[in-house]
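Some notes on the structure that comes next.
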Amino acid sequence: MEEFRTGVYICMCGTNIAKIVDVEAIAEFARTIPGVALAKTYKYMCSNPGQEMIVQDIKEHRLNRVVVAACSPNMHERTFRSALRSAGLNQYLLEMANIREQCSWVHTNKTEATEKAKALVYASICRVKHHEELESVSVNMCPNVLVLGGGIAGMTAALELADAGNQVYLVEKNNYLGGNLTRIDLTAPYLYSARDLLTERITRIMEHKKIRVFFNSTLSELKGYIGNFTALIASGNGTGEKRDKTETVEVGNVIVCTGYKEFDASRIVHYGYGKLPNVITSFELEKMIREGNIRTREGKIPKYVAIIHCVGSRSQEFHPYCSRVCCMTALKYAQEVKSAIPGCYISDIYIDMHAFGKGHEDFYRRSSEAKTLFLMYEKDDRPVIHKAGTKDGCEMLIEVNEKLSGEHIEIPADLVILMVGMEAREDSHDVARLVNISQDKEGWFIESHPKLEPVATTTDGIFIAGTCVAPKDIPDTVAQARAAAARVLARISREKIEVDALFSEVNENLCSGCRLCNTLCPFSAIEFDEVKKQSHIISALCKGCGVCVAACPSAAIKGRHFTDQQVMAQLEGLLAV
Amino acid sequence: MATRVNPEFIDDLVRFGAEDVQLCYQCGDCSTVCPHADEIYKFPRKSMRLLQMGLEKKIETTLEPWLCYYCGQCSEQCPREADPGETMMSLRRWLISRYDFTGLARLFFRSRTAEITAILIIAFFTGSFLLYYGFSGGGIGIYDGEGAFLPSSFIHRFDLTVGGILLIFLLLNAARMWKFTMIDGTHVKVPWWLYITEIWQFPWHFFTQKRYAECEKKHEHPVYMPWLLHLGLMLGYVTMLVLVMVFIEALQSGPEIVWQVHIFGYLASAGLMAGTIYFIRNRLKKNYVQYKKSHGTDWVFVILLTIIVVTGIAQHILHRTGVPEWANYVYVVHLMAVVPWLLRMPFSKWSHLIYRPLAMYFSSVRREAIKRQEAVFNNYPVFVK
């Protein structure tokens, strides 16, 4: 058996660690442990000189194990792994002891903190002895891409990918392209026509040799893993197996752009939507504007028009989030209605004016210049719409506690426009299940990191873009669609893809074929071999979470890099000091 | 009971000079820079809000517009260029038209034609009456004494009559102002003796215009010129009014100069001249925020004032230099401007002479009443819901 020569490196992290933990004492302690060749401290181990020191030591002292006592491995495990690689050592022969987040940052007593740090370092030294040299696997990357949803996001992503020469399968539920944007006339704040935005794209897609559009279609099954998916697309009328025809396509990546649906305004009783004839939703007004005919149900030209913001948004009862597009759309209506009916009076009843984007503040100002009366209400103290009496001179009266004046007021209205928010589509759960991604409690798809990985998901090869992720406006949607396409193109260009070595393996000699693990796997990475009657783990899909390892009654599954031996050694080390 | 919003109200206020009200988004910068706004009187922000929403009844009962002297700092500060200073000014015009029960003020503020026509009609009747009276009883060549064209005793009676009419209108309007602000607009109990303990506020603010001096931007001017000239104009005005109403006989005697009386006349004339020139110059140059926008009535005001001052000085000089015939003609012209000017007062911006100190007085009474009630609540918290 080889001799263990472990290098222990203790980082001071400036003063982050060194202020509370006596790093020299730890180095002193580490040197006494059998198998430790050297122990060093340094100001910033993650810095270039720090890494360089590790590389030099590995070469000079023939180290075969490395322990870095520093911050969380989430932060710098990659950094030190690459240091090991450049020194010619297998990167998995590294173990990190977290003495910052789990020690110096959470303790005030120096002596106790140093003792705890010793235990953590000792545990890592014990563990690293059992580390194995692991190699990551590589899989083929099929260049075809499946795009779900033919809205502005899906079309943008499809064109981006197809223009780069890749075959794209665009699956659209309806018999037309364009999605929700087809219901909109002009877009805020520059008043570009939505039709202009769409037609150019639709024409190009329909004529594109590399794009195949499946109308009236849905994804009914997705099997495989990154680079090697098999998608079953059901087309035609009916649902599920009753579809007219199904087709199988091979793809390497999937971009989900399934979009949103609008909030059902009749859920809010205060507004009487569906009962009062002249209370309409923003989409109904869009229809009137496109027809060039803004009228009440009775066919009269409205004199008082009221716009109510945040219908279904920003409330604890319905959706706590902001739908992001309604404020600007409401301002657009204020200007459009005013220019269509110059004699009318527009009241804009809002909670807060979210004019966050480029050109939005100017747009807000222009609505003020169009003499819009802005009235503020308190969140969850909704306005109430009543039918007006015959003497009131208007159709309805909106009662509200106006926040800026502190007055309890009623606003005359002939036409009330409800700015309905966005919500996740009712079939989003099915989509999430099919492509194996997660949803938050509102039903939006979850990105793998909200800031740094906004279009990737926890399932490799599945990307998300547009309003299926969260409410957003057109520029953000298009940006995300292009970002997702760029991510896919980067993958395709490599032809093969490396998969992390941290996956689980089934020992076929021990597996009894109970299939317990098959249902538990959150990544659908375990398939059942009907011939051998045994479970098999698809390493490309496995994230190494360890659920199956813990669940297997026969202890037939081994989590690589998290073997029983390794974990037990770490625990024993932790308790030994 | 909910108050009905009237979105059409701001259209009406445009005629009174408020053009950019709807630009305001209620950030409150104006109230922060205003040296006069406080916890109880939150203006201009609150006034802007009431105006945007068209709560007429509410605005009618507010005293805030009168507490503003229009230094213009709020308008300079406003990030939306909503011009709160000018809005307060137009609210004062609107309030004047509200206090006035005849509806004439509203008519004059909204229509220049109506205002000028009314002035011309009154000037014509005044001129005709004076010429008829003069030629029927006296000689155009005699200014004072026996056979005078316009004897001072007659002018005295004439002045008192005009002044009486003016006073009746003004008192009635002031009474309406009191009812709106102190009965309808004050929601706390006002003990009657507060009206007595606070009465000093009225003459104090009338004669010193102390609050206008507080508008001063301390670091920019050693003395706040707009305040000084405004005070000069007002004192000149009041002095002249007293001279005309009480000492007209001495004023008209001569040609020798009666220094005990005429010295006041000269001082008053100087004050009026300085003030008038200052206002015309600023309104033309628009170098201060408060003079950027001039309502039509503002021009009528200064033009009429100029005519009065110039003709007044001219008839005085002509009389003293031995040209009584011309002195009489110019005197008639002078009175043709003075009478419409006086009669117009209760229906014009000029009435702020009374309303503003009254508002200071009322606001002080209201503030004391509110303080008293708060003290009661603080001592007996059980009553507080």
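Here the protein sequences line up with chains A and B, keeping their order.
The numbering used here runs 10 ahead of the 1-based position in the first sequence.
The numbering used here runs 183 ahead of the 1-based position in the second sequence.
We treat Cβ as the ideally placed atom computed from N, Cα and C, and that holds for glycine.
Straight across, the Cα-Cα distance linking Leu-349(B) with Ala-301(B) is about 16 angstroms. Between Trp-387(B) and Leu-412(B), the alpha-carbon positions lie close to 18 angstroms from each other. With a cutoff of 8 angstroms on beta-carbon distance, Ile-359(A) and Pro-393(A) are scored as near each other.
Residues of the segment 363-389 of chain B with a Cβ closer than 8 angstroms to any Cβ of chain A: none. The beta carbons of Gly-262(A) and Ile-395(A) sit no closer together than 8 angstroms. Taking C-beta separations shorter than 6 angstroms and ignoring five residues to either side along the sequence, the partners of Gly-321(B) in its chain run Gly-330, Ala-331 and Phe-332, following chain order. Rounded to whole angstroms, Ile-537(B) and Ile-379(B) show a C-alpha spacing of 18 angstroms. Taking a Cβ-Cβ threshold of 8 angstroms, the residues of chain B close to Glu-420(A) are Ala-185, Thr-186, Arg-187 and Val-188, in chain order. Cβ proximity to chain A below 7 angstroms picks out Gln-235, Met-236 and Leu-238 from the segment 235-256 of chain B.
About 7 angstroms separates the CB atoms of Ile-64(A) and Val-76(A); that is less than 8 angstroms, so the two are in contact. Here Leu-208(A) really is in contact with Leu-191(A); their C-beta atoms are around 6 angstroms apart, less than 8 angstroms. Non-local beta-carbon contacts of Ile-279(B) in its own chain, meaning distances under 6 angstroms to residues more than five positions away in sequence, involve Ala-288 and Ser-534 in chain order. Counting only Cβ-Cβ distances below 9 angstroms, Thr-382(A) has contacts in chain B at Gln-205, in chain order.
Taking C-beta atoms under 8 angstroms as the contact rule, Arg-187(B) and Glu-420(A) qualify, at a distance of about 5 angstroms.
Here the alpha carbons of Gly-369(A) and Arg-376(A) stand approximately 11 angstroms from one another.
Take the alpha-carbon of Met-231(B) and the one of Glu-346(A): they are about 25 angstroms apart. Within chain A, the residues placing a beta-carbon under 9 angstroms from that of Ile-193(B) are Lys-381 and Leu-383, ordered along the chain. Short of 7 angstroms from the beta carbon of Ser-522(A), and not among the five residues preceding or following it, lie these beta carbons of its own chain, in chain order: Ser-564. Among the residues of chain B, those whose CB is under 8 angstroms from the CB of Arg-375(A) are Leu-206 and Arg-263, following chain order. Assigned with DSSP and collapsed to three states, His-571(A) falls in coil, not helix or strand. Beta-bridge partners of Tyr-314(A) (DSSP): Tyr-355(A). For Ile-221(A), no alpha helix (DSSP H) segment is defined; the enclosing uninterrupted segment is the beta strand (DSSP E) at 221-224. Straight-line spacing of the CA atoms in Arg-88(A) and Asp-486(A) works out to 31 angstroms. Inclusion of Ile-109(A) and Ala-80(A) in the CB contact set at 8 angstroms is warranted, their separation being smaller than that value. Using a Cβ distance threshold of 8 angstroms, Phe-14(A) and Asn-74(A) count as a contacting pair. Rounded to the nearest angstrom, the Cβ distance from Ser-230(A) to Thr-256(A) is 7 angstroms, consistent with a contact under 8 angstroms. For Met-216(A), the number of other beta carbons within 10 angstroms of its own is below 16, and it is reported as exposed.
When the five nearest sequence neighbours on each side are left out, the beta carbons in the same chain lying within less than 6 angstroms of the beta carbon of Leu-584(A) are those of Ala-129 and Ala-133, in order along the chain. Counting only the Cα atoms, Leu-158(A) lies some 8 angstroms from Tyr-179(A). Between Thr-489(B) and Glu-298(B), the CB-CB gap reaches or exceeds 8 angstroms. The continuous stretches of alpha helix (DSSP H) do not include His-418(A), which lies in the beta strand (DSSP E) extending over residues 418-423.
Arg-443(A) and Phe-225(A) have their alpha carbons spaced roughly 22 angstroms apart. Separation of the CB atoms of Glu-452(A) and Ala-466(A) is rounded to 20 angstroms, and the pair is thereby denied contact status at 8 angstroms. Within chain A, no C-beta atom comes less than 9 angstroms from the C-beta of Gln-498(B); the nearest is roughly 51 angstroms away. Remark: C-beta atoms of Gly-175(A) and Ile-507(A) do not approach each other more closely than 8 angstroms. With a cut-off of 8 angstroms on Cβ pairs, the segment 444-461 of chain B is in contact with the segment 417-424 of chain B, counting three or more such pairs.
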